[in-house]
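K.L.:
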Amino acid sequence: MTIILNNNLYKYETEATVKLFIPAERFSFLSDERDAEGDIIMTRLKKCAKFTYFYSYIRENGRVMRSAWKAETGSFTEKEGEFFICRVLFLMLCRFYETRPGWGLLTGIRPVKKVNLLIDEGKSEEEVKKIFTEKYFVSGKKADIAWRTAMVQQPVLPKFDKKTVSIYVSVPFCPTRCSYCSFVSHSMDSALKLIPDYVEYLCRELEILGEIVCENGLKIDTVYFGGGTPTSVSADQLYRLMKKTSECFDLSAVREYNVEAGRADTITAEKLAVIKEMKATRISINPQTLNNDVLKTIGRRGTAEEVLEAFALARKTGFKNINMDLIAGLPTESFDSFKNTLDKIIEIDPDGVTVHALTLKRSAGLYRTGRENIKNPASEMVDYGINTLISHGYNPYYMYRQKNTVDNLENIGYAKPGCESLYNIHIMDETQTILGAGCAASTKLVDENNLIQRVMNYKFPYEYINRFDELMKKKDEIREFFQR
Numbered sequence: 209m210t211i212i213l214n215n216n217l218y219k220y221e222t223e224a225t226v227k228l229f230i231p232a233e234r235f236s237f238l239s240d241e242r243d244a245e246g247d248i249i250m251t252r253l254k255k256c257a258k259f260t261y262f263y264s265y266i267r268e269n270g271r272v273m274r275s276a277w278k279a280e281t282g283s284f285t286e287k288e289g290e291f292f293i294c295r296v297l298f299l300m301l302c303r304f305y306e307t308r309p310g311w312g313l314l315t316g317i318r319p320v321k322k323v324n325l326l327i328d329e330g331k332s333e334e335e336v337k338k339i340f341t342e343k344y345f346v347s348g349k350k351a352d353i354a355w356r357t358a359m360v361q362q363p364v365l366p367k368f369d370k371k372t373v374s375i376y377v378s379v380p381f382c383p384t385r386c387s388y389c390s391f392v393s394h395s396m397d398s399a400l401k402l403i404p405d406y407v408e409y410l411c412r413e414l415e416i417l418g419e420i421v422c423e424n425g426l427k428i429d430t431v432y433f434g435g436g437t438p439t440s441v442s443a444d445q446l447y448r449l450m451k452k453t454s455e456c457f458d459l460s461a462v463r464e465y466n467v468e469a470g471r472a473d474t475i476t477a478e479k480l481a482v483i484k485e486m487k488a489t490r491i492s493i494n495p496q497t498l499n500n501d502v503l504k505t506i507g508r509r510g511t512a513e514e515v516l517e518a519f520a521l522a523r524k525t526g527f528k529n530i531n532m533d534l535i536a537g538l539p540t541e542s543f544d545s546f547k548n549t550l551d552k553i554i555e556i557d558p559d560g561v562t563v564h565a566l567t568l569k570r571s572a573g574l575y576r577t578g579r580e581n582i583k584n585p586a587s588e589m590v591d592y593g594i595n596t597l598i599s600h601g602y603n604p605y606y607m608y609r610q611k612n613t614v615d616n617l618e619n620i621g622y623a624k625p626g627c628e629s630l631y632n633i634h635i636m637d638e639t640q641t642i643l644g645a646g647c648a649a650s651t652k653l654v655d656e657n658n659l660i661q662r663v664m665n666y667k668f669p670y671e672y673i674n675r676f677d678e679l680m681k682k683k684d685e686i687r688e689f690f691q692r
């Protein structure tokens, strides 16, 4: 498919709207329809003295459809012009494909943040839902789950404080790379020789960030060890990283300390003891599915039985806040299989459950066969998750969406009251500065006007190690931010 941008510059917005209807597709772009052959989608903007016209057009498999709308020239901002052209395109594609995506025109990854902003403006539940359904064409069901999630967040969202920050520590290694994975993570087979040096340099970066925190009198709110799978490294290496974190930062006022234990095949009693000794308060053990055949299909080592054993071991070690991740829509997973997984998870009684919808990212192995994975019962699975988890006392507390997600679905974290992950809320609502350490980590600096400045680390471990001194010079951007 070719996307044509005729007299407009809304490339990102146009592609995001088209992907609501045609996921897992690579598009080419042209500026003039006269150069196009085959299937095309076009958006066009024509500005006249009195009116500006917004056009959309599709030609696919011999079928053709057009749509147009106009607004008084000079009566709208550039941002509103972007919205108008996407609106015309969206409504035309709804008619052409005889479907309407549940999230309507919303293509951003943070629908709940939009709810929270509307609440801050004094909007009522009725007004917020009306904006979602009438302006953005969001379904009533999706508007309701977004509102529910915001209501859980509201009491725990922090008031802005430039001196309060969270820490993210990246350990980007996994036993194997799952076919659905798009994270910068590296299998242990290929990265084993890098781990000792990586741990060494990561400890040095923690020291540098610790100096910045101390120099500026910052207070640590939450800590998150993610990846990858942090428990892929040895117990001694994990201890060293967590010990260094406690040495570099004052953690006495930390409200939450997370460690992604992740895959059951990396969890041992020794590693759990380290995490507990270092005073982590929340861990994740992520089965994704309890169907062993599906686990093999996606290239994930370990079995459902090992997941249940790891969970029991974590409880025995004393962890009172354990989250478990599932994925709806995995290849070969049926609705009944997903239902059996979720029912079993609820039976063992974790404190949180996150239901992700399968996302076909370009860097994931499944992207190459993306269209084969589109037609599956993911929507039924997600709906079952919403209804079943809420009925068992788990409240939705954070949500995000991604491009190329099957059925334009969302990822939702559910938790029992008091077990919500504050870090996850921070990262989605973008109301708190997060200092990132390690490969592919992003530092997100938030100011009092909610303007965000990002300082990115290198993506790959060998680059992080080989260019470490060069990378650390970028930390001056963080110092300058706090000194302003």
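Just add 208 to the spot in the sequence shown (first one is 1) and you have the working numbering. Don't be surprised by glycine CBs; every beta carbon is placed ideally from N, CA and C. Predicted model, so just to flag it, every value in this text is computed and none were measured.
#1: Under three-state DSSP, which class holds residue 619?
#2: Please identify the residue among 419, 291, 263 whose C-alpha is closest to the C-alpha of residue 683.
#3: Please report the straight-line C-alpha distance between residue 491 and residue 476, rounded to a whole angstrom.
#4: Please report the distance separating the alpha-carbon of residue 495 from that of residue 258.
#5: Tell me whether residue 477 sits in a helix, a strand or coil according to DSSP, three-state version.
#6: Considering residue 357, what are the terminal residues of the alpha helix (DSSP H) in which it resides?
#7: Since residue 405 is in the beta strand (DSSP E), which residue starts that stretch and which ends it?
#8: Please return the same chain residues whose Cβ sits closer than 7 Å to the Cβ of residue 664, not counting the five positions on each side in sequence.
#9: According to the Cβ coordinates, are residue 699 and residue 624 closer than 8 Å?
#10: Between residue 675 and the rest of its own chain, which residues show a CB-CB distance below 8 Å, the 5 nearest in sequence each way excluded?
#11: Could you check what DSSP says for residue 528 in three-state terms: helix, strand or coil?
#12: Note down the Cα distance separating residue 505 from residue 564, rounded to an integer number of angstroms.
#13: Does DSSP put residue 612 in a helix, a strand or coil?
#14: Taking the continuous beta strand (DSSP E) assigned at residue 661, which residues delimit it?
#15: Given this structure, state the Cα-to-Cα distance separating residue 578 from residue 461, to the nearest angstrom.
#16: Would you check if the distance between the CB atom of residue 639 and the CB atom of residue 309 is smaller than 8 Å?
#17: Less than 8 Å between C-beta atoms, sequence neighbours within five positions excluded: which residues of the same chain meet that for residue 269?
#18: Who pairs with residue 273 in a beta bridge, going by DSSP?
#19: Ordered along the chain, which non-local residues of its own chain (more than five positions away) have a Cβ less than 6 Å from that of residue 354?
#20: Measure the alpha-carbon distance for residue 369 versus residue 325 and round it to whole angstroms.
#21: Measure the beta-carbon distance from residue 493 to residue 515 and round it to whole angstroms, keeping in mind my assumption that it falls under 8 Å.
#22: What three-state label does DSSP hand residue 674 in the structure shown?
#23: So, with DSSP's three-state summary, where would you put residue 344?
#24: At which residue ranges does the segment 499-559 contain complete alpha helix (DSSP H) runs of 4 or more residues, listed in the order of the chain?
#25: By how many angstroms is the C-alpha of residue 467 removed from the C-alpha of residue 484?
#26: Assign residue 501 to one of two classes, buried (16 or more other C-beta atoms within 10 Å of its C-beta) or exposed (fewer than that).
#27: Under 8 Å by Cβ, that's how I've got residue 633 and residue 642 pegged, so tell me the actual separation to the nearest angstrom.
#28: When you compare only the Cα positions, how much space is there between residue 575 and residue 612?
#29: Roughly how many whole angstroms lie between the Cα atoms of residue 525 and residue 374?
#30: Are the CB atoms of residue 298 and residue 262 within a distance shorter than 8 Å?
#31: Could you pull the start and end residues of the beta strand (DSSP E) that residue 332 belongs to?
#32: Threshold first: 4 residues or longer. Then list the alpha helix (DSSP H) segments lying entirely within the segment 209-257, N to C.
#33: Which class does residue 167 belong to by DSSP, given the choice of helix, strand or coil?
#34: Taking the CB atoms as reference points, tell me whether residue 332 and residue 383 lie closer together than 8 Å.
P.N.:
So, from the listed chains and residues:
#1: strand
#2: 419
#3: 13 Å
#4: 59 Å
#5: helix
#6: 348-361
#7: No beta strand (DSSP E) holds residue 405; the alpha helix (DSSP H) holding it covers 403-423.
#8: 650
#9: One cannot answer for residue 699 here, as it falls past the ends of the chain, which runs 209 to 692.
#10: 666
#11: coil
#12: 18 Å
#13: coil
#14: 660-664
#15: Low local confidence applies: a pLDDT of 44 at residue 578 is under 50, so the model's placement there is unreliable, with the coordinate-based value given in what follows. Taking the straight line joining both Cα atoms gives about 45 Å.
#16: no
#17: 247
#18: 266
#19: 319, 320, 323
#20: 17 Å
#21: 7 Å
#22: helix
#23: coil
#24: 500-505, 512-525, 543-556
#25: 10 Å
#26: exposed
#27: Rounded, the Cβ-Cβ distance is 12 Å, inconsistent with contact.
#28: With a pLDDT of 42 at residue 575, under the threshold of 50, the predicted position of this residue should be treated as unreliable, and no value is reported.
#29: 26 Å
#30: no
#31: Counting along the chain, residue 332 falls outside any beta strand (DSSP E), and DSSP gives it neither H nor E.
#32: 219-227
#33: Given a span of 209 to 692 for the chain in the structure shown, any question on residue 167 remains unanswerable.
#34: no
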